[in-house]
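So the structure is just underneath, and the comments pick up after that.
Residue numbers (this note's numbering): 640 to 1026.
Here it is in structure tokens:
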């Protein structure tokens, strides 16, 4: 380790971090509306890499550049990582935070860098400040996103980075070092190599988080109707089969409801398809508000929706249907649209049939009940005798 030139370590890891920053920025260009924080994450390794280049110009460039500006950029890169994560989690920091923190750090850097030069004091200051900054980052991710692989990877890297900075802080307090960050020594090589590698791993963590978010969004697009936000026909079939199997194992009832908007074609013809789309979105939202988290809502086709109520008998399903019938739109300018509902229930004691034929049978029975509701005057719920 002592034979490795610290400048070489910084340059190689910084160059790799810069390449990862290009990846992050390309993701930002393509997904800036759906994934926030990518621009900050992409800027962070570039800012830190530039800061280390400025640190390496000590003795060539002015001290305010190689000491004050370089250290502010180093800390600013860590701040950009934190602000990027806040944006990624939809918890953006106020815009004044970054300049306020940098301004507060600027005062001791000017004092110990230009007025009363003290390299050891600056080293303790920056190391402790970076440890505190990464601790805030660790706390943010732990509280709001610690279950995905990318988030767990980031937490591990942040933990290692905090440890490196704390070790550096306490060793600087216990054993004063020289006046040059790049002075060849075992301790300097360990510190610079470890921290440079952790910065590269942090950048890789952000790429992993962005990739997982893209995968989640793609899965949502595939499994949900883009207009109403309800499950797609295939998705509600797939999830419905899972719920049927679960109810079969637990011997619990399950209910299917078919919902069809009355005279919806007249709304499209009279008010236009844009208004018709708004009516569909509003109706899906109202139905969702009356359901539990375990209940499933899917768009079956056109103005027809399918609801699956696990562990729900016919009487409970009727109560849900009555609430849907009584619900009203929060948008006063939307035309009034009523709904007819057909209900079919499978009792828990009768689950010997295979799941797919059982679901198809339930939908067929609910569809028949729906047509009886239409024939009886619409805007009502009809039930099929439980099987």
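For glycine and all other residues, C-beta sits at the position ideal for the given N, C-alpha and C.
Buried/exposed call for residue i, threshold 16 Cβ in 10 Å
i	result
residue 701	exposed
residue 640	The predicted position of residue 640 is uncertain, since its pLDDT is 43 and thus under 50; a value taken from the coordinates is nonetheless stated next. Counting Cβ neighbours within 10 Å, residue 640 comes out exposed, since fewer than 16 surround it.
residue 673	exposed
residue 911	exposed
residue 940	exposed
residue 902	exposed
residue 859	exposed
residue 1016	exposed
residue 827	buried
residue 761	buried
residue 786	exposed
residue 755	exposed
residue 999	exposed
residue 896	buried
residue 801	buried
Three-way DSSP call (helix, strand, coil) for residue i in this model
i	result
residue 935	strand
residue 902	coil
residue 837	helix
residue 681	helix
residue 1017	coil
residue 697	strand
residue 672	coil
residue 890	coil
residue 1012	helix
residue 755	coil
Inter-residue CB distance, residue i and residue j (contact presumed, cutoff 8 Å)
i	j	result
residue 935	residue 946	7 Å
residue 713	residue 687	6 Å
residue 1012	residue 980	6 Å
residue 724	residue 779	6 Å
residue 804	residue 769	5 Å
Span of the beta strand (DSSP E), counted from its first residue to its last, around residue i
i	result
residue 985	978-985
residue 946	943-949
residue 1020	1020-1022
Bridge-paired residues (DSSP) for residue i
i	result
residue 872	BP columns for residue 872 are empty, so no partner.
residue 867	Looking at the DSSP assignment, residue 867 forms no beta bridge with any residue, so it has no partner.
residue 895	947, 983
residue 940	943
First and last residue of the uninterrupted alpha helix (DSSP H) at residue i
i	result
residue 716	709-727
residue 972	Premise fails: residue 972 is in no alpha helix (DSSP H) and is neither H nor E.
residue 955	953-965
residue 732	Note, residue 732: premise wrong, no alpha helix (DSSP H); not H, not E.
residue 802	788-813
residue 914	912-928
residue 1027	The requested residue 1027 is not part of the displayed model; the chain covers only 640 to 1026.
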